[in-house]
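Enquirer: Here's a structure for you.
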Ligand SMILES: Cc1cc2nc3c(=O)[nH]c(=O)nc-3n(C[C@H](O)[C@H](O)[C@H](O)COP(=O)(O)OP(=O)(O)OC[C@H]3O[C@@H](n4cnc5c(N)ncnc54)[C@H](O)[C@@H]3O)c2cc1C
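Residue numbers (the numbering used here): 1 to 462.
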C-alpha cells in the first residue's frame with residue numbers, strides 16, 4: 001500500500017500521457033492498468049495496429065498499381081498474411097514497450113491489475129488499497145454492437161477481431177460507414193476481399209463536410225468497396241464459417257440479405273467504466289454511460305477526475321492525450337486547457353481525409369457568413385508526379401474578417417497537412433496569413449496555400 005498525489009486508472013493515450021505530465025510536474029504518480037501491456041485501446045487494438053495494416057496494404061496497392069507506371073518491374077506481390085500480422089504485432093510491442101520505458105524514466109509506478117474506487121481518495125487494485133489525493137479515471141471505451149447481433153470475434157467481429165483474422169476472408173460485410181469501418185474495409189479491400197459496407201444513413205462518415213463525404217465515397221467505390229446506404233441491419237445469423245446479414249432499406253422498407261465470410265460490426269464505441277464501482281460512490285453518469293465532468297474534468301466527487309473516451313467528446317486518442325495533459329496541469333495548480341474547437345480528425349485511408357473546425361453545413365446552420373477557398377490536388381505538381389492527385393483542400397473563413405473557421409482535406413498526407421491549419425487556427429489566423437506564408441515547392445502543402453489564396457483573389461494553379 002502506498003500513498004500518491006495522483007493515481008490514474010487506465011494507461012491509454014489519456015492515462016499514460018496524464019501520468020507522464022503529472023510526473024513532470026513533480027507529482028508522485030501511479031497508473032493502474034489491467035491489460036498485460038500499457039497503451040490502452042490505441043496502442044493495443046486501435047490506432048497503432050490499424051495503421052500498421054493500412055500501411056502494409058497501402059504498400060501492396062502502390063506496388064500493384066503504380067510501380068509499373070514508374071518503370072519498376074516487380075513480380076506480382078504475394079501476401080504472407082501471418083507475417084503481416086506479425087509485423088502488426090511487432091509494431092504494437094515496440095510502442096507498448098516504449099510506454100513502459102517512459103514510465104520507468106519518469107518514475108511512475110505501474111499498478112498491475114484492474115482498479116476500483118472504494119471511496120474518494122482510495123484506489124483498490126487486487127487486495128491492495130492505495131491512497132490518492134487525486135484520482136483520474138481514464139478507462140476508455142469498448143466496441144458497441146447492435147441488438148440482434150452476437151459478436152464471436154471470429155466470424156462476426158468488432159475491430160478487435162478484424163485486426164487478427166485467421167485468414168484473409170473472401171468476402172466481408174462492414175456494418176457502419178464510420179472511420180473504423182472504412183479504414184478496416186480498405187485494408188481488406190486492398191487484400192482482395194469483396195467488401196460491402198452497409199450504412200444506416202445516406203452518407204459515409206456522418207458529421208463530416210458533405211463535399212468530402214461525397215468525394216470520399218466515390219473514391220472508395222472506385223477502389224472496389226460496395227455500399228448499401230440507408231439500410232438498417234435487422235439481424236446477423238452466423239455459422240462457423242460465414243454469416244448472413246439481413247437489412248431493411250429505408251427507401252422502400254424492403255428486407256434484403258447479404259452473405260459473407262466475415263462481418264465487421266463497426267457501429268461505434270461506448271465508454272468503459274465496468275468494475276470501477278462508480279455507482280456505489282455516486283459518480284454522476286450521463287444516460288449514454290459517459291462520466292459527467294465540468295470544464296476542468298472534475299466529476300461531482302472531490303478529487304476524482306475523468307478524461308478521454310470515458311467522458312463526452314470525440315473518441316480520439318489525441319483528444320484523450322490533450323485532456324490528460326490538461327488535467328495533470330489542473331491538479332498541479334496550473335491552468336490546464338483544451339481547445340475543443342481545434343481538434344483534428346483524420347481517416348487513414350488512401351487518400352487520407354482530415355478535418356478541423358466547422359463544416360460548411362454547420363456554418364450554414366449557424367447563419368454565419370463565410371467564404372470557401374478550394375484547391376484540387378490536380379493542380380499540385382508533387383501530387384501529379386506521385387499518382388496522388390485525387391481530392392482537394394477546402395478552407396472556410398469568415399466572410400468579413402477572413403479568420404479561418406474550418407478546413408477539410410481529402411488527398412495525400414491530409415492527416416499531416418491539416419496541422420498547419422490547426423496552428424493557424426490556434427493563433428486566430430486569417431486565410432491571408434496562410435496565403436502569404438512561403439511554402440516549399442514541390443510539396444503537397446502548396447495545395448493548402450492555394451486553398452488559402454482561393455479565399456482571397458484566387459489560387460495561382462487553377
Ligand atoms: C480500430 C481502432 C482504430 C482507431 N484509430 C484511431 C486513430 O487512428 N486515431 C485516433 O485518434 N483514435 C483512434 N481510435 C480511437 C482511440 O483508440 C481512442 O480514442 C483512445 O484510445 C482513447 O484513449 P483513452 O485513454 O481514453 O482510453 P483507452 O485507450 O481505451 O485506454 C483505456 C485503458 O484503461 C484500461 N482500463 C479500463 N478499466 C480499467 C480498470 N478498472 N483498471 C485498470 N485498467 C483499466 C483498459 O484496459 C485500457 O487499456 C481508434 C480506435 C479503434 C478501436
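Glycine included, C-beta positions come from ideal geometry on N, C-alpha and C.
In this text the structure is predicted, and so the values were computed from the model without any measurement.
1. How about residue 160: is its Cβ closer than 8 Å to a heavy atom in ligand 1?
2. Going by the DSSP bridge assignment, what does residue 31 pair with across the sheet?
3. Alpha carbons only, please: which of 342, 276, 382, 142 is nearest the one belonging to residue 420?
4. Figure out for me which residue from 230, 231, 259 has the closest Cα to the Cα of residue 237.
5. Expressed to the nearest angstrom, what Euclidean distance is found between the alpha-carbon atoms of residue 425 and residue 29?
6. With respect to 8 Å, is the separation between the Cβ of residue 422 and the closest non-hydrogen atom of ligand 1 below this value?
7. Comparing alpha-carbon positions, which option in 295, 184, 286 lies nearest residue 347?
8. How many Å lie between residue 529 and residue 319 at the Cα?
9. Which runs of the beta strand (DSSP E), 3 residues or longer, sit entirely within the segment 340 to 383?
10. CB-CB under 7 Å to residue 74, same chain, minus the five flanking residues each way: which ones, in chain order?
11. Contact defined as beta carbons within less than 8 Å: I believe residue 168 pairs with residue 193. What is the distance between those atoms, to the nearest angstrom?
12. DSSP state of residue 242, grouped into three classes?
13. Leaving aside the five residues before and after residue 273 along the sequence, list all residues of the same chain whose C-beta is less than 8 Å from its C-beta, in chain order.
14. Can you tell me which residues form a DSSP beta bridge with residue 198?
15. Check residue 392 in the structure and name its three-state DSSP category.
16. What are the start and end residues of each continuous beta strand (DSSP E) run of 3 or more residues lying completely inside the segment 11 to 81, in chain order?
17. Alpha carbon to alpha carbon, what distance is there between residue 461 and residue 170?
18. Do residue 9 and residue 118 have their beta-carbon atoms positioned less than 9 Å apart in this structure?
19. Give the straight-line distance between the Cα atoms of residue 156 and residue 34, rounded to the nearest whole angstrom.
20. Pick out whichever of 407, 350, 406, 226 has its Cα sitting closest to the Cα of residue 383.
21. How big is the Cα-Cα spacing for residue 186 and residue 217?
22. With three or more beta-carbon pairs closer than 8 Å as the criterion, would you say the segment 197 to 210 touches the segment 376 to 391?
23. Check whether the segment 370 to 379 and the segment 390 to 405 touch, using three or more Cβ-Cβ pairs below 8 Å as the test.
24. Run through DSSP, which three-state label would residue 253 get?
25. Sorry if obvious, but does the Cβ on residue 42 come closer than 8 Å to a heavy atom of ligand 1?
26. For residue 444, which beta-bridge partners are listed by DSSP?
27. For ligand 1, any of its heavy atoms closer than 8 Å to the Cβ of residue 29?
28. Which parts of the segment 289 to 313 are runs of the beta strand (DSSP E), unbroken and 3 residues or longer, counting only runs that do not cross its ends?
29. Out of 359, 436, 326, 197, which one is the CA nearest neighbour of residue 405?
30. Taking DSSP as the reference, what is the three-state secondary structure of residue 167?
31. When you compare each of 270, 197, 180, 129 to residue 111 by their alpha carbons, which one comes out closest?
Expert: Straight from the coordinates:
1. Within the chain shown, numbered from 1, the residue matching residue 160 stands at position 160. True, at least one ligand heavy atom lies under 8 Å from that Cβ.
2. Here residue 31 refers to the residue found at position 31 when the chain shown is read from its first residue. Answer is 8, 110, bridged to residue 31.
3. As a first step, residue 420 is located in the chain shown; it is residue number 420 there, counting from the start. Nearest option by C-alpha distance: 342.
4. Here residue 237 refers to the residue found at position 237 of the chain shown. Comparing C-alpha distances from residue 237 to each of 230, 231, 259 shows the shortest one belongs to 259.
5. Within the chain shown, residue 425 is the residue found at index 425, counting from 1. Within the chain shown, residue 29 is the residue found at index 29, counting from 1. Going by the C-alpha atoms only, they are around 34 Å apart.
6. As a first step, residue 422 must be located in the chain shown, where it is residue number 422. No, since every heavy atom of ligand 1 falls outside the 8 Å radius drawn around the Cβ of residue 422.
7. The sequence position of residue 347 within the chain shown is 347, counting from 1. Of the listed residues, the one whose Cα sits closest to residue 347 is 184.
8. The question about residue 529 has no answer here: the residues shown for the chain are numbered 1 through 462.
9. Fully contained in the segment 340 to 383 are the following beta strand (DSSP E) runs of length 3 or more, in chain order: 345 to 347, 352 to 357, 370 to 376.
10. For the purposes of this step, residue 74 is taken as the residue at position 74 of the chain shown. Closer than 7 Å at the Cβ level, and outside the excluded window around residue 74, lie 63, 67.
11. Here residue 168 refers to the residue found at position 168 of the chain shown. Here residue 193 refers to the residue found at position 193 of the chain shown. Right, their Cβ atoms sit about 6 Å apart.
12. Here residue 242 corresponds to residue number 242 of the chain shown, with the count starting at 1. Here residue 242 carries a coil assignment [DSSP, helix/strand/coil].
13. Within the chain shown, numbered from 1, the residue matching residue 273 stands at position 273. Cβ within range, chain order: 137, 139, 285, 289, 291, 310.
14. As a working note, residue 198 is residue 198 in the chain shown. Partner(s): 175, 228.
15. Position 392 of the chain shown, counting from 1, holds the residue named residue 392. Three-state result, residue 392: strand.
16. 29 to 33, all fully within the segment 11 to 81.
17. In the chain shown, counting from the first residue as 1, residue 170 sits at position 170. In the chain shown, counting from the first residue as 1, residue 461 sits at position 461. Each residue's Cα considered, the two are about 44 Å apart.
18. In the chain shown, the residue the question calls residue 118 occupies position 118. In the chain shown, the residue the question calls residue 9 occupies position 9. The answer is no: Cβ separation not under 9 Å.
19. Residue mapping note: residue 156 aligns to position 156 of the chain shown, counting from 1. Residue mapping note: residue 34 aligns to position 34 of the chain shown, counting from 1. Distance between the alpha carbons of residue 156 and residue 34: 26 Å.
20. The count along the chain shown starts at 1 and reaches residue 383 at position 383. If we check each option's Cα against that of residue 383, 350 comes out closest.
21. By one-based count along the chain shown, residue 186 stands at place 186. By one-based count along the chain shown, residue 217 stands at place 217. Take the alpha-carbon of residue 186 and the one of residue 217: they are about 12 Å apart.
22. no
23. yes
24. Along the chain shown, one-based indexing puts residue 253 at 253. Three-state result, residue 253: coil.
25. Working through the chain shown from its first residue, we reach residue 42 at position 42. Within the cutoff, so yes.
26. Sequence index remark: in the chain shown, residue 444 carries index 444 (1-based). None, per the DSSP bridge assignment.
27. Locating residue 29 in the chain shown gives position 29, counting from the first residue. Flag unset: Cβ of residue 29 not near ligand 1.
28. 304 to 306
29. Position 405 of the chain shown, counted from the first residue, corresponds to residue 405. Considering only alpha carbons, the answer is 359.
30. Indexing the chain shown from 1 puts residue 167 at position 167. Residue 167: coil per DSSP, three-state reduction.
31. Against the chain shown, residue 111 aligns to sequence position 111. The candidate whose alpha carbon is nearest that of residue 111 is 129.
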